[in-house]
Each structure stands twice: as structure tokens, then as C-alpha cells.
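Before any comments, here is the structure.
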Amino acid sequence: VQLVESGGGLVQPGKSLKLSCSASGFTFSSYGMHWIRQAPGKGLDWVAYISSSSGTVYADAVKGRFTISRDNAKNTLYLQLNSLKSEDTAIYYCATTGLGYWGQGVMVTVSS
Amino acid sequence: DIQMTQSPSLLSASVGDRVTINCKASQNINKYLNWYQQKLGEAPKLLIYNTNNLQTGIPSRFSGSGSGTDYTLTISSLQPEDFGTYFCFQHNSWPGTFGAGTKLELK
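So the sequence lines, in the order shown, correspond to chains U and D.
Count along the first sequence from 1, add 1, and you get the number used in the numbering used here.
Count along the second sequence from 1, add 605, and you get the number used in the numbering used here.
Structure follows, in C-alpha cells:
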């Protein structure tokens with residue numbers, strides 16, 4: 002199992018960013034996927050989940066601003082981040098259902 | 606949301622020691638409790654799933670126990686590669702929630 006995140010970077014408050022997570026080594030379409038984040042020097046916060054049938058669940062802190070999606074043909078998971086705030090600054094990890102396997106993470110910095 | 610209270614936050618131990626880390630949930634989580642190890646600059650790694658199931662490739666010195674609201678991770682004989690931060694995670698109900706972490710350092 003390999004998960005590789007991309008798309009992070011420095012963005013101004015109120016702007017948008019789209020993260021990707023490329024999956025390999027398993028049947029991506031059959032599994033739910035998560036996004037989890039970790040602010041610098043802090044603990045872990047679960048962000049969002051998408052089932053194999055594309056049902057979604059969000060943490061209250063991101064509901065209405067973030068959108069999780071998937072493209073099974075491309076074996077890729079996405080997280081669209083809109084209306085970004087400074088408190089969204091974190092390393093964002095994608096992970097398989099049950100949080101069994103994680104990517105290496107991608108840094109998102111929200112600052113003017 | 607279910608709150609996970611993890612203790613201790615800092616644990617100093619020596620190679621060969623037996624160590625335990627605890628997580629207490631604010632309500633019954635029906636053994637849906639995972640343990641993760643994270644080393645500096647790396648992603649978390651799953652050690653134990655659903656209270657007491659050892660993830661493939663994880664040494665048998667790691668074990669988990671518990672039920673209801675109280676759960677424990679035990680390392681039977683600490684090895685140099687075991688130092689890092691440990692997190693618990695409950696996935697009994699949405700949203701899943703993590704403990705604040707236990708930093709395991711060399712005494």
C-alpha cells in the first residue's frame with residue numbers, strides 16, 4: 002500500500018487549495034478513505050471521510066468549507082479546501098479505512 | 606463528540622522497561638480503539654487495532670487491552686526504536702477522535 006499526497010503550499014486566508022492523494026497497492030475503489038491533519042507541534046485531528054460509495058462525513062471545524070471526493074478511475078482521493086483560515090495550517094495526511102495506512106503528509110500553511 | 610483522555614503525556618523510560626500508556630473515553634467505545642506510533646517527521650503508524658489486534662509486522666512486545674471506556678497499550682520490553690509519540694484513536698462513532706498523545710523518551 003502506498004499513499005502519496007500532493008498539492009500543499011502557502012495560501013492566503015480566505016483562499017482555496019486542492020489536495021490530492023494518489024493510491025496504489027490495493028483496490029482503491031473498494032475502500033473508504035480519510036483525511037487527518039496535524040497542526041505544527043500538535044496532536045492529530047480527523048478531518049473527513051469518504052466511503053467506497055462516495056458517502057461523506059466531515060468534522061464540524063471544516064464542514065461547509067472542505068469537500069472530500071474521489072476518482073476511482075485515477076485511484077486518487079481529493080480534499081478541496083475553501084475559505085481557509087490560519088487555524089487550518091497543518092500537515093494533511095490521507096489514510097485508508099480504519100486508518101491502517103497513511104501517506105507521508107503534505108503541508109498547508111495559511112498566512113498573509 | 607467522544608473525548609479521549611490519554612495519560613501520561615510524557616513518559617521517561619529505559620531500554621528493557623515495561624511501559625503502559627492509557628486512554629480513557631468519555632463514553633463506551635465498544636473496543637473500537639486503535640494505537641499509533643509517530644516518530645518525528647513521519648506519518649503515524651498503526652500498531653494495534655480494535656483494542657488488542659496486532660497490525661501485521663508489529664513486534665509482539667506491543668499489546669493492547671481494555672473495554673468500555675478504559676484502554677491500555679503495553680510495551681513489554683522497551684527497545685531503542687520504540688521512542689516516539691503514541692496516540693490512541695476511537696472509531697466507535699463519528700467523528701473519530703484522537704488522544705492528545707504520549708511522548709515516550711529515553712530516561
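Note that the Cβ used here is the ideal one computed from N, Cα and C, for glycine as well.
Start and end residues, beta strand (DSSP E) containing residue i
{"i": "U/Q3", "result": "Q3 to S7"}
{"i": "U/V111", "result": "V107 to V111"}
{"i": "U/K77", "result": "Sequence inspection shows Thr at residue 77 of chain U; the Lys mentioned does not correspond to that position. That run of the beta strand (DSSP E) goes T77 to L82."}
{"i": "U/V58", "result": "T57 to Y59"}
{"i": "D/I607", "result": "Run containing D/I607: none; DSSP gives neither H nor E here."}
{"i": "D/Q660", "result": "Neither: D/Q660 is in no beta strand (DSSP E) and is coded neither H nor E."}
{"i": "U/F27", "result": "Where U/F27 is concerned, there is no enclosing beta strand (DSSP E), given that its DSSP letter is neither H nor E."}
{"i": "U/R71", "result": "F67 to D72"}
Cβ of residue i within 8 Å of any chain U Cβ
{"i": "D/P649", "result": "yes"}
{"i": "D/T702", "result": "yes"}
{"i": "D/A630", "result": "no"}
{"i": "D/Y691", "result": "no"}
{"i": "D/W699", "result": "yes"}
{"i": "D/G662", "result": "no"}
{"i": "D/N658", "result": "no"}
{"i": "D/Y654", "result": "yes"}
{"i": "D/F667", "result": "no"}
{"i": "D/A705", "result": "yes"}
{"i": "D/N635", "result": "no"}
{"i": "D/F694", "result": "yes"}
Neighbourhood of residue i by C-beta, 6 Å cutoff - its chain only, sequence neighbours within 5 removed
{"i": "D/G706", "result": "T690 and F692"}
{"i": "U/I92", "result": "Q39, G106 and M108"}
{"i": "D/T677", "result": "T625, N627, S670 and G671"}
{"i": "D/S612", "result": "N627"}
{"i": "U/S23", "result": "V5 and T77"}
{"i": "U/R71", "result": "I51 and L78"}
{"i": "U/V58", "result": "Y50"}
Supposed contact pair residue j and residue i - C-beta distance, whole angstroms, cut 8 Å
{"i": "U/R66", "j": "U/S84", "result": "5 Å"}
{"i": "D/S619", "j": "D/L709", "result": "So it is not a contact: roughly 11 Å between Cβ atoms."}
{"i": "U/V2", "j": "U/Y94", "result": "That pair is no contact at about 14 Å."}
{"i": "D/L651", "j": "D/Q660", "result": "5 Å"}
Closer than 8 Å to chain D by CB, residue i
{"i": "U/G99", "result": "yes"}
{"i": "U/L45", "result": "yes"}
{"i": "U/Y94", "result": "yes"}
{"i": "U/A60", "result": "yes"}
{"i": "U/W103", "result": "yes"}
{"i": "U/G106", "result": "yes"}
Chain-order list of residues whose beta-carbon lies under 7 Å from that of residue i (same chain, five-residue window excluded)
{"i": "D/K629", "result": "T610, T674 and D675"}
{"i": "U/K86", "result": "P14 and V111"}
Same chain, Cβ closer than 8 Å to residue i, neighbours up to 5 away in sequence not counted
{"i": "D/I607", "result": "A630, S631, Q632, I634, Q695, N697, S698 and T702"}
{"i": "D/S614", "result": "A705, G706, T707 and K708"}
{"i": "D/P700", "result": "D606"}
{"i": "D/L616", "result": "V624, I626, T707, K708, L709 and E710"}
Does the region 665-678 of chain D come within contact of the region 631-644 of chain D, defined as at least 3 CB pairs closer than 8 Å? yes
Per the contact definition of three or more C-beta pairs closer than 8 Å, is the region 74-84 of chain U in contact with the region 14-22 of chain U? yes
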